[in-house]
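Data first, discussion second: the structure below is written as structure tokens.
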Amino acid sequence: MRVKHYLIGFIAILMFSQCGKDLTSPECILPLEEVVKTMNDCRNGVIPEASNISNNLVGEWKLVGYGCGFCVPHTPPEAYIILNETKGILMLKDDFDGDTLVTFDWRLEQITNTLEEKATYRFKAEPFHYALNMDIFCDEFMFFDERPFDGSLFLYQKQ
34 MRVKHYLIGF IAILMFSQCG KDLTSPECIL PLEEVVKTMN DCRNGVIPEA
84 SNISNNLVGE WKLVGYGCGF CVPHTPPEAY IILNETKGIL MLKDDFDGDT
134 LVTFDWRLEQ ITNTLEEKAT YRFKAEPFHY ALNMDIFCDE FMFFDERPFD
184 GSLFLYQKQ
């Protein structure tokens, strides 16, 4: 029953969402300069411990930054994520790929960085969806940036 309420809430958010004053483009996405600054600030303030990351992830998230490598130009998507301790819902409205509603299980997967010899973490969702690839986590933001590999950038802000 609880998932049903989340789904109804997500649909309402998606259908009636409006950009806030801090989001300057009509597609509700921050300008690239602000996205890059936010990502750099987040990298400098990452949450180092898996338990702290997991606790911080619980809540609602909104896509505020988007980019892609060598993709076909298109209107940036709108995306919302709601997470509890083990489950989540992704609503993605994308003119290029169509609209998607996914319920998923999630966990953090440890990645060993052999250059720096320290552990980092990646968001793992089952079933997999390309909009859920996060590997950088700070207090207010989470993101992944695969543009150098001809992929996408998705920057989410906690609501």
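To convert a position in the sequence shown, counted from 1, into the working numbering, add 33. The C-beta atom is built at its ideal place from N, Cα and C for all residues, glycine as well. Source: prediction; values computed, not measured.
About 6 Å separates the beta carbon of L188 from that of V68, a gap short enough to meet the 8 Å contact definition. Residue I114 holds the alpha-carbon nearest to the alpha-carbon of Q192 among I114, A152, F156, R155. Fully enclosed beta strand (DSSP E) runs of no fewer than 3 residues occupy 111–116, 120–127, 131–146 of the stretch 104–146, in order along the chain. According to the DSSP secondary-structure assignment, I86 is paired through a beta bridge with no residue. When Cβ pairs closer than 8 Å are counted between the two stretches, the stretch 113–130 is seen not to touch the stretch 62–81, the count staying below three.
Just measuring C-alpha positions, the residue of Q143, T133, A152 sitting nearest F161 is T133. Rounded to whole angstroms, the gap between the alpha carbons of V105 and L186 is 14 Å.
About 16 Å separates the beta carbon of D172 from that of F156, a gap too long to meet the 8 Å contact definition.
For G184, the closest of V91, Q143, G100 by C-alpha to C-alpha distance is G100. Secondary structure at C171: coil, using DSSP grouped into helix, strand and coil. The three-state reading of DSSP puts E179 in coil, since its state is none of H, G, I, E or B.
The Cβ atoms of A164 and F137 do not sit closer than 8 Å to each other.
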